[in-house]
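K.L.:
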Ligand SMILES: NC(=O)c1ccc[n+]([C@@H]2O[C@H](COP(=O)([O-])OP(=O)(O)OC[C@H]3O[C@@H](n4cnc5c(N)ncnc54)[C@H](O)[C@@H]3O)[C@@H](O)[C@H]2O)c1
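Structure, rendered in structure tokens:
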């Protein structure tokens, strides 16, 4: 008998799915039978990843409400609905003493790492609730949010914020069958670790 695919008939958005952890998450979701929409700022790597993994790509900036609305519309038009959102897109500034952190650095980590998660819920919760459809939000946080390291104060704080918000929403929306979880990786050799300064330049700070 063929093995049961754990995500068969599920539709998932994976933000930041063009590279790094997000790409790995998208690949695993496809393997488990999900229809996956990769949402990423990077058109070129996003298109390439989607073609290789056999999923869809939508160019999106997770800090923009209109892009979340377009992602929901794509999921509904293309696959008939949405079940899972993986809020993986994230960024950091290069390690530096806290007194050297600029307002740009601060806005960038808070917008990309925190505001994006708020926007995802602000746009998508009404959809799940109105359709009485069970939903699942998975936030990619970091051990930095629970065991902060020096020289990354506001990245650490951004991850702590989404861990806390995720716990709050898990309790608030569990009775309505909308689940919230966060996952905290330690370290991975992704673009964020290898080229943190270029990474920051690429990330949007709307
Ligand atoms: N790499 C690590 O060591 C590590 C450790 C703990 C947590 N994390 C978290 O894992 C997540 C993924 O990071 P990664 O290490 O795979 O980095 P990565 O640079 O490989 O991937 C991040 C992806 O997010 C996309 N992105 C950035 N800003 C965006 C925006 N505004 N809108 C849409 N897409 C955007 C980038 O284009 C990129 O494809 C992040 O949330 C990060 O904080 C990483």
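In the working numbering, the protein residues as written are 98 to 303. A virtual CB, placed ideally from N, CA and C, is assigned to each residue, including glycine.
Is it buried or exposed for residue 333, if we count other Cβ within 10 angstroms and need 16 for buried?
P.N.:
Coverage of the chain is limited to positions 98 through 303, which leaves residue 333 absent and any answer about it impossible.
K.L.:
My understanding is that residue 128 touches residue 186, with C-beta atoms under 8 Å, so please give their C-beta distance in whole angstroms.
P.N.:
Counting from 1 along the chain shown, the entry for residue 128 is found at position 31. Counting from 1 along the chain shown, the entry for residue 186 is found at position 89. Actually they are not in contact, since the Cβ atoms of residue 128 and residue 186 sit about 21 Å apart, beyond 8 Å.
K.L.:
Let's see if you can read the secondary structure: which residues bound the beta strand (DSSP E) around residue 277?
P.N.:
Walking along the chain shown from the start, residue 277 turns up at place 180. Start and end: 275-280.
K.L.:
Would you give the residue range spanned by the alpha helix (DSSP H) that residue 206 belongs to?
P.N.:
Counted from its first residue, the chain shown places residue 206 at position 109. Taken as a continuous stretch (DSSP letters only), the alpha helix (DSSP H) holding residue 206 covers 200-207.
K.L.:
Pick from 265, 208, 245: whose alpha carbon is nearest that of residue 234?
P.N.:
Your numbering for residue 234 matches position 137 in the chain shown. If we check each option's Cα against that of residue 234, 265 comes out closest.
K.L.:
Do residue 257 and residue 242 have their CB atoms nearer than 8 Å?
P.N.:
Working through the chain shown from its first residue, we reach residue 257 at position 160. Working through the chain shown from its first residue, we reach residue 242 at position 145. Against a cut-off of 8 Å, the Cβ pair of residue 242 and residue 257 comes out as a contact.
K.L.:
Taking Cβ positions, are residue 80 and residue 183 nearer each other than 8 Å?
P.N.:
Any answer about residue 80 is impossible in this case: the structure gives the chain only from 98 up to 303.
K.L.:
For the stretch 111-157, which segments carrying the alpha helix (DSSP H) assignment without a break, of at least 4 residues, lie completely within its bounds, in sequence order?
P.N.:
Entirely contained in the stretch 111-157, the alpha helix (DSSP H) runs reaching 4 residues are, in chain order, 117-128, 140-150.
K.L.:
Identify, in the order they occur along the chain, each residue of the same chain with its Cβ nearer than 6 Å to the Cβ of residue 159, setting aside the five sequence neighbours on each side.
P.N.:
Looking up residue 159 in the chain shown gives position 62. Once the five neighbours on either side are set aside, the close Cβ partners of residue 159 are 112, 186, 213.
K.L.:
If distances are taken between C-alpha atoms only, which option among 101, 115, 107 comes closest to residue 289?
P.N.:
Here residue 289 refers to the residue found at position 192 of the chain shown. Selected option, being the one with the closest Cα: 115.
K.L.:
Is the beta carbon of residue 176 sitting closer than 8 Å to the one on residue 132?
P.N.:
Taking the first residue of the chain shown as position 1, residue 176 is located at position 79. Taking the first residue of the chain shown as position 1, residue 132 is located at position 35. Contact flag set, yes.
K.L.:
Would you call the stretch 162-169 and the stretch 207-226 in contact, with 3 or more CB pairs under 8 Å?
P.N.:
Segments in contact, yes.
K.L.:
What does the Cβ neighbour count give for residue 147, buried or exposed, with the cut at 16 atoms within 10 Å?
P.N.:
As a first step, residue 147 is located in the chain shown; it is residue number 50 there, counting from the start. Buried: at least 16 other Cβ atoms inside 10 Å.
K.L.:
Is it right to say residue 284 is buried, meaning 16 or more other beta carbons lie within 10 angstroms of its own, or is it exposed?
P.N.:
Residue 284 sits at position 187 when you count from the first residue of the chain shown. With fewer than 16 Cβ atoms within 10 Å of its Cβ, residue 284 is classed as exposed.
K.L.:
Please work out which residues of its chain come closer than 6 Å, Cβ to Cβ, to residue 162, disregarding the five sequence neighbours upstream and downstream, and give them in chain order.
P.N.:
On the chain shown, position 65 is the one that residue 162 refers to. Contacts found: 216.
K.L.:
Would you report the Cα separation of residue 221 and residue 181, rounded to the nearest angstrom?
P.N.:
Start at 1 with the first residue of the chain shown, and residue 221 comes out as number 124. Start at 1 with the first residue of the chain shown, and residue 181 comes out as number 84. Taking the straight line joining both Cα atoms gives about 10 Å.
K.L.:
Please name the residue, chosen from 239, 250, 280, 230, that lies closest to residue 272 on a Cα-to-Cα basis.
P.N.:
What you label residue 272 is simply residue 175 of the chain shown in a count that begins at 1. Among 239, 250, 280, 230, the Cα nearest to that of residue 272 belongs to 230.
K.L.:
Classify residue 278 as buried or exposed, calling it buried when 16 or more other Cβ atoms lie within 10 Å of its own Cβ.
P.N.:
Translated into positions along the chain shown, residue 278 becomes position 181. Residue 278 is exposed by the Cβ-count criterion.
K.L.:
Is any non-hydrogen atom of ligand 1 found closer than 7 Å to the C-beta of residue 325, if you look at the structure I gave you?
P.N.:
The structure shown does not extend to residue 325, since the chain spans only 98 to 303, so no value can be given for it.
K.L.:
Starting from the Cα of residue 286, find the closest Cα among 102, 118, 206 and give me that residue.
P.N.:
Here the question's residue 286 lines up with position 189 in the chain shown. Checking every option, the nearest Cα to that of residue 286 belongs to 118.
K.L.:
Run through the DSSP bridge pairs and tell me what residue 183 is partnered with.
P.N.:
For the purposes of this step, residue 183 is taken as residue 86 along the chain shown, with counting starting at 1. For residue 183, which the question treats as bridged, DSSP gives the partners 111, 235.
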